[in-house]
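Colleague: So that we are looking at the same thing, I have put the structure below in C-alpha cells.
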Amino acid sequence: MRRDFERFIKGTCIDISHEGKGVVKAKGEIIFCDGLFVGETADIEILYRRANVLFGKVKKLYNLSDKRIQPKCKICSSCGGCQYQQLNYQEQLVIKTKRVKDALERIGHIKTKVNPCLGMEDPYYYRNKIQMPYAKDKKGNVCYGFYRQNTHEIIPVKECVIEDKRASSILWDIKELIKKHNIPVYNEDSRQGILRYVLVRTSYHFDEIMIVLVVSKINFPGQRNFIDALIKLHPEITTVVANENSRSTNVILGNKEKVLYGKGVIKDSILGCTFEISASSFYQVNPIQVEVLYQKALDLIDINNNEIVLDAYSGVGTIGMIASKNAKEVISVEINESSHRNAKENARRNNITNIQFYLDDAGKFIQNYPGKIDVVIMDPPRKGSDHNFLSAVMSRKIKKVIYISCDPETLARDLEELSEMYEVTYVQPVDMFPMTSHVETVVLLSHRKADDYVEVEITTDDFPITSAELKATYQDIIEYVLKKYNVKVTNLEIAQMKQKYGIKERECYNKGKDNSKYLQPKCTKEKENYIIDAFRYYKMI
992 MRRDFERFIK
1002 GTCIDISHEG
1012 KGVVKAKGEI
1022 IFCDGLFVGE
1032 TADIEILYRR
1042 ANVLFGKVKK
1052 LYNLSDKRIQ
1062 PKCKICSSCG
1072 GCQYQQLNYQ
1082 EQLVIKTKRV
1092 KDALERIGHI
1102 KTKVNPCLGM
1112 EDPYYYRNKI
1122 QMPYAKDKKG
1132 NVCYGFYRQN
1142 THEIIPVKEC
1152 VIEDKRASSI
1162 LWDIKELIKK
1172 HNIPVYNEDS
1182 RQGILRYVLV
1192 RTSYHFDEIM
1202 IVLVVSKINF
1212 PGQRNFIDAL
1222 IKLHPEITTV
1232 VANENSRSTN
1242 VILGNKEKVL
1252 YGKGVIKDSI
1262 LGCTFEISAS
1272 SFYQVNPIQV
1282 EVLYQKALDL
1292 IDINNNEIVL
1302 DAYSGVGTIG
1312 MIASKNAKEV
1322 ISVEINESSH
1332 RNAKENARRN
1342 NITNIQFYLD
1352 DAGKFIQNYP
1362 GKIDVVIMDP
1372 PRKGSDHNFL
1382 SAVMSRKIKK
1392 VIYISCDPET
1402 LARDLEELSE
1412 MYEVTYVQPV
1422 DMFPMTSHVE
1432 TVVLLSHRKA
1442 DDYVEVEITT
1452 DDFPITSAEL
1462 KATYQDIIEY
1472 VLKKYNVKVT
1482 NLEIAQMKQK
1492 YGIKERECYN
1502 KGKDNSKYLQ
1512 PKCTKEKENY
1522 IIDAFRYYKM
1532 I
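To convert, count from 1 in the sequence shown and add 991; that's our numbering.
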C-alpha cells in the first residue's frame, strides 16, 4: 500500500495535545508525536495517518527542553501509561491548566478564569488501584506488565513508580505461584487458559489490601492451594476475590464474583468518613488528592442545613456522605448495583441517617423525582453526563451545581449546554494523575438571574432541512470516534443510531425482504455510546 506521507519529517513541537502528545506543524501536515515537548526539534518517523493527522515517534532529538528531566521509570517511553514522566512536575501542572482552559474555550465557548492546577508534594507511588494483564511472552515465559501503546503486547514491569509500592512484590509472587501451582495464563487468540488479569486495591488509611483474580473460570484446579500459598507469603492481604470474565473484550471485570478469602471488600476513608470498596466499585485512585478535590468542591458549594443535595453518579457515596454533615438531606443516585450496595453499607458504617439511596440512571431519576433539590453535585464517568440529566437540572432551576470531571473535553461540552441557564463562576483543576496527561476539574455553576438571559422561542417552519443535517458528515463522525476512542464505526452503524434517536435520515437500504429487519448486525452498546457522544459533540442531539 502506497504511503500518502513522507516517512521522516523534521519539525519543532509547538504545543501539547490533550493526550499528552507533542504537536508539530511541518510540510503542511499536523503531526502528533509521543515524548516530544514544546520547543524541542526532532526527526520524526511517521507511523500512520488518522483522519487529517499524522502520528509518529522521535527518531532523533536535536535540542532538549529545559523542562525535560530524567524519568524514574525505564519503560515510560514504551508502555504509554505515563506521558509526562520525562517532564518537570511544575510544567506538568502548567500543561494541565492550559488543557482545561483550552477545552472550555474551544469546545464549550466559555471564557473564564482557570485557576492553576493543584499538584502533589510527592507525585509518585500514589495509585491505590493497580491492574496487570498476565500472559506468556514470545519465549513462552509467564509475564505481566502493561500493554505497549495501541497493542496487546505486554511490556514486563517489576515496579510501576506511580502505583502503591505494596503491589509490586505481590504481583511478582503471583507470577511465581501460578507457575508452581500449574495455573495457566489466558491466551487471547486461542481463548484457552485461566488467569487473565490481577487487580490490586490498597487502602491508604487502613492496613488492608484486596487481590482480584480475573479468570476465565471462577473455579479452577489448584485454587485453594494457590490462595493459601499467596496469603502465607503476603499476610498483609486481607481479601481475595475471583472475578469471572470469559468474554472476548477489552473490559477487564466480568459480572460473576466469588470471595476466596476474607470479606470481599476493603475500607478506606476520605475527610473523616469511612468507605467500603468492592472489586468493581468506583473509587478515586489517588487517596491524597481526592481529599484536596472534595474539600475544594465543598468549600465552593457552601452547603447549609436547609438545603437538599443530589449526589449524582455517586459511586460508593463518597462526596455525598461528606456533604451530608452540613446538608438537610442528601439524595444519592448510582446505576452500578455493587457501588449502590456499598454506598448503603457505608452510610450505616458512618452513622449517617440524612441520606437516601437510589439505584437508577441519574438522568431518568432527576426527570422523575418529585421532591425538592437545592444543590447538585455531579461526578459523571469520563464520557460525561447526558442531555436528559443536564436539561432536567436546567428545567428545575437548581441554584448551585458542582461538576467534578476527569475529562476536560466532555466537561466543556456539558458546560456549554448548561451555560444556557448557568454561569461558570469558578474552575479549579486538580492533579489526580501525576505523570499522565489526565486531569480532574471541579467547577462551580450558579443559576443566572432572570434578567441575565432571555428565553426565545424559534419555530422551524421556515427551514427546509433539520439543523442536525448541517452539523456533521458521516466521515466527521467516523473520524471523531476513531480519534477519541480508537474505535472504527461504520456508516451503517451511524445510520442505525440516527434512526434510533430520531435524526432525519434517508431510509436505510440494508433491510430484509419483509422490510422489518436489518441484514447487517445491529450496533453494539459500546459503539452506540461513542456515536451518541459524537452526535452531542456536533450538536445533533
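Beta carbons: idealized from backbone N, C-alpha and C, even for Gly.
Owing to the predicted nature of the structure, the values given are computational and were not obtained by experimental measurement.
With 16 as the cutoff for other CB atoms within 10 Å, does His1331 come out buried or exposed?
Modeller: As a position in the sequence shown, residue 1331 is number 340, starting the count at 1. Buried.
Colleague: In the DSSP assignment, what are the bridge partners of Cys1134?
Modeller: The residue labelled residue 1134 in the question sits at position 143 within the sequence shown. Answer is Ala1126, bridged to Cys1134.
Colleague: Over the uninterrupted beta strand (DSSP E) stretch that includes Thr1309, give me the two end residues.
Modeller: Reading the sequence shown from its first residue, position 318 is the one you call residue 1309. Unbroken run through Thr1309 is the alpha helix (DSSP H), Thr1309 to Ala1314; no beta strand (DSSP E).
Colleague: Give the straight-line distance between the Cα atoms of Met1369 and Val1430, rounded to the nearest whole angstrom.
Modeller: Residue 1369 sits at position 378 when you count from the first residue of the sequence shown. Residue 1430 sits at position 439 when you count from the first residue of the sequence shown. Those two C-alpha atoms are separated by around 16 Å.
Colleague: Which of the three DSSP states, helix, strand or coil, is assigned to Thr1088?
Modeller: Within the sequence shown, numbered from 1, the residue matching residue 1088 stands at position 97. In this structure, Thr1088 counts as helix in the three-state DSSP scheme.
Colleague: Please list the terminal residues of the continuous alpha helix (DSSP H) segment that includes Tyr1354.
Modeller: Position 363 of the sequence shown, counted from the first residue, corresponds to residue 1354. For the sequence presented, residue 1354 should be read as Gly rather than Tyr. Segment Ala1353 to Asn1359, the alpha helix (DSSP H) holding Gly1354.
Colleague: Which partner residues of Tyr1188 appear in the DSSP bridge assignment?
Modeller: In the sequence shown, residue 1188 corresponds to position 197, counting from 1. In the DSSP output, where bridge partners are listed per residue, Tyr1188 has Pro1124 and Val1205.
Colleague: State whether the region 1294-1303 contacts the region 1254-1261, with contact taken as three or more CB pairs (one from each stretch) at a distance under 8 Å.
Modeller: They do not touch, by the three-pair rule.
Colleague: Quick one: grab the DSSP three-state call for Lys1516.
Modeller: As a first step, residue 1516 is located in the sequence shown; it is residue number 525 there, counting from the start. DSSP places Lys1516 in helix when its eight states are reduced to three.
Colleague: Taking DSSP's pairing of strands, which residues face Arg1439 in a bridge?
Modeller: To locate residue 1439, count along the sequence shown from 1; it is residue 448. Per DSSP, none; premise fails for Arg1439.
Colleague: In whole angstroms, give me the CA-to-CA distance for Pro1175 and Ile1005.
Modeller: Working through the sequence shown from its first residue, we reach residue 1175 at position 184. Working through the sequence shown from its first residue, we reach residue 1005 at position 14. Roughly 48 Å between the two C-alpha positions.
Colleague: Return helix, strand or coil for Asp1006, following the three-state DSSP convention.
Modeller: Position 15 of the sequence shown holds residue 1006. Looking at Asp1006 - three-state DSSP - the assignment turns out to be strand.
Colleague: Let's test the definition: count the other Cβ atoms within 10 Å of the Cβ of Asn1236 and tell me whether it reaches 16, buried, or not, exposed.
Modeller: Residue mapping note: residue 1236 aligns to position 245 of the sequence shown, counting from 1. With 16 or more Cβ atoms within 10 Å of its Cβ, Asn1236 is classed as buried.
Colleague: Please report the straight-line C-alpha distance between Phe1273 and Glu1328, rounded to a whole angstrom.
Modeller: Here the question's residue 1273 lines up with position 282 in the sequence shown. Here the question's residue 1328 lines up with position 337 in the sequence shown. Approximately 11 Å, taken between the alpha carbons.
Colleague: Does DSSP put Leu1350 in a helix, in a strand, or in coil?
Modeller: One-based indexing of the sequence shown puts residue 1350 at position 359. If DSSP states are grouped into helix, strand and coil, Leu1350 belongs with the strands.
Colleague: Check this for me: beta carbons of Thr1193 and Asn1119, under 8 Å apart or not?
Modeller: By one-based count along the sequence shown, residue 1193 stands at place 202. By one-based count along the sequence shown, residue 1119 stands at place 128. In this structure, Asn1119 lies closer than 8 Å to Thr1193 by Cβ.
Colleague: Can you check the region 1050-1096 for any alpha helix (DSSP H) of at least 4 residues that lies completely inside it and give the ranges in chain order?
Modeller: Runs of the alpha helix (DSSP H) inside the region 1050-1096: 1067-1070.
Colleague: Count Cβ pairs between the region 1278-1292 and the region 1409-1422 that sit closer than 8 Å; are there 3 or more?
Modeller: They touch, by the three-pair rule.
Colleague: For Arg1059 versus Leu1078, is the C-beta distance shorter than 8 Å?
Modeller: Counting from one through the sequence shown, the residue named residue 1059 turns up at place 68. Counting from one through the sequence shown, the residue named residue 1078 turns up at place 87. Closer than 8 Å, so yes.
Colleague: Go to Glu1400, then tell me how far its alpha helix (DSSP H) extends in each direction, as first and last residue.
Modeller: As a first step, residue 1400 is located in the sequence shown; it is residue number 409 there, counting from the start. First-last of the alpha helix (DSSP H) with Glu1400: Pro1399 to Leu1409.
Colleague: With respect to the beta strand (DSSP E) encompassing Ser1272, which residues constitute its N-terminal and C-terminal limits?
Modeller: What you label residue 1272 is simply residue 281 of the sequence shown in a count that begins at 1. Segment: none, Ser1272 is in no beta strand (DSSP E) and carries neither H nor E.
Colleague: Under the three-state reduction of DSSP, which class applies to Phe1046: helix, strand or coil?
Modeller: Sequence index remark: in the sequence shown, residue 1046 carries index 55 (1-based). Note: Phe1046 maps to strand in three-state DSSP.
Colleague: In this structure, how does DSSP classify Leu1262 when only helix, strand and coil are distinguished?
Modeller: Counting from one through the sequence shown, the residue named residue 1262 turns up at place 271. Residue state, collapsed to three classes: coil.
Colleague: Ignore the nearest five residues each way along the sequence and tell me which others in Pro1114's own chain have a CB closer than 7 Å to its CB.
Modeller: In the sequence shown, counting from the first residue as 1, residue 1114 sits at position 123. So the list reads Tyr1080, Pro1425 and Met1426, once near-sequence residues are dropped.
Colleague: According to DSSP, is Arg1238 part of a helix, a strand, or is it coil?
Modeller: Position 247 of the sequence shown, counted from the first residue, corresponds to residue 1238. Correct three-state label for Arg1238: coil.
Colleague: Run the CB neighbour count on Val1447, radius 10 Å, all protein chains shown included, and call it buried at 16 or more, exposed below.
Modeller: In the sequence shown, the residue the question calls residue 1447 occupies position 456. Confidence at Val1447 is low in this model, with a pLDDT of 48, below 50, so its placement is unreliable and the value that follows should be read with caution. Classification for Val1447: exposed.
Colleague: How would you label Gly1002, buried or exposed, when you count the other beta carbons within 10 angstroms and need 16 or more for buried?
Modeller: Here residue 1002 corresponds to residue number 11 of the sequence shown, with the count starting at 1. Buried, since its Cβ has 16 or more Cβ neighbours within 10 Å.
Colleague: Hey, Ile1322 and Gln1347: beta-carbon distance below 8 Å or not?
Modeller: Here residue 1322 is taken as the residue at index 331 of the sequence shown, counted from 1. Here residue 1347 is taken as the residue at index 356 of the sequence shown, counted from 1. In contact: Ile1322 and Gln1347 (Cβ atoms closer than 8 Å).
Colleague: Would a C-beta distance cut-off of 8 Å place Asn1342 and Ala1318 closer than the cut-off?
Modeller: Your numbering for residue 1342 matches position 351 in the sequence shown. Your numbering for residue 1318 matches position 327 in the sequence shown. Cβ atoms of Asn1342 and Ala1318: not closer than 8 Å.
Colleague: Are the CB atoms of Leu1190 and Ala1270 within a distance shorter than 8 Å?
Modeller: Residue mapping note: residue 1270 aligns to position 279 of the sequence shown, counting from 1. Residue mapping note: residue 1190 aligns to position 199 of the sequence shown, counting from 1. It is a contact, given that the beta carbons lie within the stated cut-off.
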